[in-house]
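Chemist: No gaps in the numbering here: position 269 of the sequence shown is 298 in our numbering, and each next residue is one more.
Heads up, the beta-carbon is just placed ideally off N, CA and C, and yes, glycines get one too.
What follows is a structure written as C-alpha cells; I'll ask about it next.
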Amino acid sequence: MKKILTFTFILIFHLFTCKENVNNEISAEDKYYKVNVSALNLRKEPSISSDKLISLKKNRILIRANNFEKNDIIEGVSGKWIYVSTYEKTFGYIYEPYLKKAKLEKPYWEFETPNILSLCNKQTNDCFKKQTEYIFKKYKFISKTGNNLNIVGFDGSVGTFADKREFEDSIEIHTPLEVFFKDERYVLIDFSLYEGGSFILYDRKFNISIQLLDIPISSPNKEFLLVVSSADAYNTVGVQIVKLSEFEPKIVFQFKDKWRPCLGSWNSDVEVKVYECFEDYSFKNNDGMLYSERIIQFKNDSWELLP
30 MKKILTFTFI LIFHLFTCKE NVNNEISAED KYYKVNVSAL NLRKEPSISS
80 DKLISLKKNR ILIRANNFEK NDIIEGVSGK WIYVSTYEKT FGYIYEPYLK
130 KAKLEKPYWE FETPNILSLC NKQTNDCFKK QTEYIFKKYK FISKTGNNLN
180 IVGFDGSVGT FADKREFEDS IEIHTPLEVF FKDERYVLID FSLYEGGSFI
230 LYDRKFNISI QLLDIPISSP NKEFLLVVSS ADAYNTVGVQ IVKLSEFEPK
280 IVFQFKDKWR PCLGSWNSDV EVKVYECFED YSFKNNDGML YSERIIQFKN
330 DSWELLP
C-alpha cells in the first residue's frame, strides 16, 4: 500500500510540474503558434466540453508548454489537443488544427513620433536639444538655475526638480521636452537615473507630477495619453494610459513587465493598438521577429486588454 501511494504522489507531482513550466527541449521552430481563426478557446482540459479559460483572437501567439498530444475529431475536423501558454503565463489546452506555426516576420509598421512633440520629427538627442532650447525661450514659467529645474504653477507656486548626484542613486533632471494642452497646463520632463531613465508629467494646475515609462502619445480627443515602453534591461517594460481632465492626471490603465510591447497607437478615442513582441535567441537568424497585435479598449468605464 505504501508503494502505491508513493507512486501516485510522484505521478501527480510530475503532471503538476509539466503544466507549470514551458518545456525548453521543444525547438523554437516547433514552440510558437498563432491562432488562425477569428477566435479560439483555451480550455482547462483537452476536451470541447471542458471549461473555457479565455477566448483568443486571431494571430495571438501561443507557446507550446510540453509534448502533450491527444487525438480528437471536432465537427469533422481531425487533429490533436496540445498544451500551451500565453505570454502572460495562462496555461491550457487548445485544438491544433485551428493554429498555424508562428514564423519570424519583418515588422510592417513604421515608427510614429509622439504627437505631443511639436518640433521633433524623430527621437534623437539633437532634436530633443532643439526642442528644449525652444521651450526655455518661449515659456517664461520654466527656468533652470544650476542643477534645479523650476516650473511656476497656475497659482504662482514653484515646483523644483533637483539633480541628485550620488553614486548608484543619482537622478539627473535633463530638461523639459514639451509643454502642451489646456492653457499650457502640462510639462513633460526627461530625466535619467544611474542606470536607465524615464519621464515626468508635471501638472501646473495641481502642482503634482506622475512618472511615465516613456514619451506619451495623445488620443485624438486629447483626453488620454498612451505610453508604451519596450526599452532595454535598464528600463521598465510596459503600457500606461493616463486620463487628463479638470482633475488631477490619473493613470487609469497600467501593466509592467508582463510582455514586451513594441509599439502603440490610437485606433480611436476608445481603442489602442499595441504590438506584442517576442525575443527568442534560440532562432538561428535575426531576419525578423515574432509579434502579434493586441487591443486595449475602453469598456464599461474602464480600460481593458482584450484576450
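Under 8 Å by Cβ, that's how I've got Ser337 and Ala94 pegged, so tell me the actual separation to the nearest angstrom.
Modeler: One cannot answer for residue 337 here, as it falls past the ends of the chain, which runs 30 to 336.
Chemist: My guess is that Gly121 and Arg89 are in contact by the Cβ rule of under 8 Å, so how many angstroms apart are they, rounded?
Modeler: Incorrect: roughly 13 Å between the Cβ atoms, too far for contact.
Chemist: DSSP state of Tyr231, grouped into three classes?
Modeler: Reduced to three states, the DSSP call for Tyr231 is strand.
Chemist: If we require 4 or more residues per run, which alpha helix (DSSP H) segments fall completely within the stretch 77–151?
Modeler: Counting only runs of 4 or more, we get nothing.
Chemist: Does Ile324 come out as helix, strand or coil in the three-state DSSP assignment?
Modeler: Strand, per DSSP.
Chemist: Around the C-beta of Ala191, are 16 or more other C-beta atoms found within 10 angstroms, so that it is buried, or is it exposed?
Modeler: Result: exposed.
Chemist: Please classify Lys60: does DSSP put it in a helix, a strand, or coil?
Modeler: Looking at Lys60 - three-state DSSP - the assignment turns out to be helix.
Chemist: Enumerate in chain order the residues of its own chain whose CB-to-CB distance from Tyr168 is below 6 Å, with the five nearest sequence positions on each side excluded.
Modeler: These residues qualify, in order along the chain: Val208.
Chemist: Pairs of beta-carbons, one from the stretch 322–332 and one from the stretch 291–304, closer than 8 Å: are there three or more?
Modeler: Yes, since at least three Cβ pairs between the stretch 322–332 and the stretch 291–304 fall closer than 8 Å, the two stretches touch.
Chemist: Could you compute how far the alpha carbon of Gly175 sits from the alpha carbon of Thr189?
Modeler: The straight-line gap from Cα to Cα measures roughly 12 Å.
Chemist: Please tell me whether Lys292 and Gln269 are closer than 9 Å, where the distance is taken between their beta carbons.
Modeler: Checking the displayed sequence, the identity of residue 292 turns out to be Leu instead of Lys. No, the pair does not count as a contact, with Cβ atoms beyond the cut-off.
Chemist: To the nearest angstrom, how far is it from the Cα of Ile145 to the Cα of Glu134?
Modeler: Those two C-alpha atoms are separated by around 30 Å.
Chemist: Using CA atoms only, rank isn't needed, just tell me which of Ala131, Leu206, Lys132 is closest to Lys166.
Modeler: Checked all of Ala131, Leu206, Lys132; the closest Cα to Lys166 is Leu206.
Chemist: For a quick check, are the C-beta atoms of Asn96 and Gly108 less than 9 Å apart?
Modeler: No.
Chemist: If you reduce the DSSP assignment to three classes, tell me which class Asp192 lands in.
Modeler: Coil at Asp192, not helix or strand.
Chemist: Taking DSSP as the reference, what is the three-state secondary structure of Thr265?
Modeler: Three-state DSSP puts Thr265 in coil, outside helix and strand.
Chemist: DSSP three-state call for Asp212: helix, strand or coil?
Modeler: Three-state DSSP puts Asp212 in coil, outside helix and strand.
Chemist: Suppose contacts are defined by Cβ-Cβ distances below 9 Å. Is Val64 in contact with Leu91 by that definition?
Modeler: Going by C-beta atoms, Val64 is nearer than 9 Å to Leu91.
Chemist: Expressed to the nearest angstrom, what Euclidean distance is found between the alpha-carbon atoms of Arg323 and Leu217?
Modeler: Each residue's Cα considered, the two are about 27 Å apart.
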